[in-house]
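Enquirer:
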Amino acid sequence: MNSLVKFVQDEFVTRKDFPEFGAGDTVTVYYEIKEGNKTRTQFFKGVVLQRKGTGSSETFTIRKMSGTVGVERIFPVNLPALQKIEVNKKGKVRRARIFYFRGLTGKKARIKEVRK
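Counting from 16, one number per residue, gives the positions in the sequence shown under the numbering used here.
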């Protein structure tokens with residue numbers, strides 16, 4: 016049964032080519048918003064908290080600060096409305112899921128950048 020699901024995902028789900036990114040990276044996600052009969056592109060820039068799942072059901076969570084309030088958004092990788100993902104900074108973290116980042120404020124909420 017598992018191999019059948021994997022076969023269908025590989026054959027019929029269209030994969031978009033996005034850059035490699037992981038937890039701790041700062042990314043900008045561009046996606047389409049439909050308002051009535053008009054469409055516009057909106058972006059969401061923040062730190063990746065986690066990547067979860069595999070194949071067509073893979074998702075990633077991004078967190079940004081809007082004033083003093085933290086805003087998180089979960090994007091499916093295969094969302095048709097996703098236009099592109101830009102990796103702004105590569106962050107150095109020791110964990111694959113950095114939920115502890117939610118409780119940090121000020122200078123403690125900085126993530127060390129990996130230089131190329």
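All residues carry an ideal CB built from backbone N, CA and C; glycine is no exception.
Could you compute how far the alpha carbon of V20 sits from the alpha carbon of S72?
Expert: Here residue 20 refers to the residue found at position 5 of the sequence shown. Here residue 72 refers to the residue found at position 57 of the sequence shown. C-alpha separation (whole angstroms): 11 Å.
Enquirer: Just mark G61 as buried or exposed, buried being the case when its beta carbon has 16 or more other beta carbons within 10 Å.
Expert: The residue given as residue 61 occupies position 46 in the sequence shown. It counts as buried.
Enquirer: If you follow the beta strand (DSSP E) that K21 is part of, which residue opens it and which one closes it?
Expert: The count along the sequence shown starts at 1 and reaches residue 21 at position 6. No beta strand (DSSP E) contains K21, which is instead part of the alpha helix (DSSP H) from 17-27.
Enquirer: For R30, which of helix, strand or coil comes out of DSSP?
Expert: The sequence position of residue 30 within the sequence shown is 15, counting from 1. It is coil, neither helix nor strand.
Enquirer: With distances taken between CB atoms, is the gap from K104 to E87 smaller than 7 Å?
Expert: The residue you call residue 104 lines up with position 89 of the sequence shown. The residue you call residue 87 lines up with position 72 of the sequence shown. No, they are not a contact pair.
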